[in-house]
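Following our numbering, the numbering of the sequence shown begins with 1364 at its first residue and continues without gaps.
Below is one structure, written out as structure tokens, with a few remarks after it.
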Amino acid sequence: AKASSAMRSFSSAPMICLLLLFAGECTGAMRVRVARGHFHSVRRLPVLSAHGRTGAAARGLSVPPRLPPRLPPRLPPSRAHVVATAAGDDEGLEAEEEPQSLKEAFLEFVRDFVPTLLVCLLIRTVIVEPRYIPSLSMFPAFEVGDQLAVEKVTKLYSPYQRDEVIVFRPPPAFFELSGKAPDNDALIKRIVAIAGDTVEVRNRAVYVNGEKQNEPFIAEDPDYSMPKYLVPKGCVFVLGDNRNHSFDSHYWGPVPEENIIGKAVVKYWPPWRLGLVTASG
């Protein structure tokens, strides 16, 4: 019986130790010193109460100050409902932004539109501009309603060549013979002779420097004649491809080079007539 009792006491000792350690770990108020397998002392540590400090301060023990609980940052009332909505949204919908005022919308439009407009105007003024064909004077290369791009760069460094198609402002003689008031309209014709060339029309053909020209781009042979003419310096002589239905240099003379706006390079409208403008038409 004693052996049995001793075994029960020995077996219950570890359980008591575990309970004491568990209680001290949970409350933070027990400290256990163990030496050579025996419990030497158990001392209760000071515990802070909900109403302030215990008597530990009176006993000279240092007690860390109690810190207030950390609160989330306060938000302005105007944004509180947005954050609350986003926090409660399981699908992560973005918060709605406040609508722009009319002034803000106008300023944003100006910031976006004005630079784009300036770039477009710069391109049109310096590099390339669109033109459309209002008549059949250049048929069959161009028909009424065709739209084309006129580039303005190569004229600055490259001399004009025969058979190039150019767009230009009419010389004064054009307005004198046509009876039209000077305006901003431009003409489109093909160069047949450049400065220093002699040009004439006879036997239903064009002759430049005495040589008959091969012109596969014209609608029909000219049914008129023109005496030999020396193209002055700084000018070009132009004719329409529709030779018998074109008001051109064989009426009003050469075109000064400073009147030339640019060279026609590509037809882009209508789409089925898309193509480059070449010397062959």
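Note that CB positions come from ideal geometry on N, CA and C, so glycine has one too.
CA-CA distance, residue 1608 to residue 1547, rounds to 22 Å.
Taking 4 residues as the minimum length, the alpha helix (DSSP H) runs contained wholly in the segment 1575-1622 are 1612-1615, in order along the chain. In this structure, residue 1628 sits away from residue 1467, with a CB-CB distance that is not shorter than 7 Å. A contact is defined here as three or more CB-CB pairs under 8 Å, and the segment 1594-1606 meets this definition with respect to the segment 1569-1581. Cβ neighbours of residue 1621 within its own chain (closer than 8 Å, five residues either side excluded): 1597. At the C-beta level, residue 1585 and residue 1565 stay beyond 7 Å of one another. For residue 1466, the enclosing alpha helix (DSSP H) begins and ends at 1465-1485. Cβ-Cβ separation between residue 1552 and residue 1602: approximately 6 Å, consistent with a contact (criterion under 8 Å). Counting along the chain, residue 1537 sits inside the alpha helix (DSSP H) bounded by residues 1535-1541.
Residue 1559 holds the alpha-carbon nearest to the alpha-carbon of residue 1593 among 1618, 1613, 1559, 1570.
Nearest neighbour of residue 1642 by Cα position, chosen from 1576, 1488, 1539, turns out to be 1576. Along the segment 1494-1531, the beta strand (DSSP E) occurs as fully enclosed runs of 3 or more residues at 1510-1514, 1528-1531, listed in sequence order. Its chain contains 1534, 1536, 1537, 1540 as the residues whose beta carbon lies nearer than 7 Å to that of residue 1615, once the 5 sequence neighbours on both sides are disregarded; these appear in chain order. DSSP, reduced to helix, strand and coil, places residue 1561 within a strand of the structure shown.
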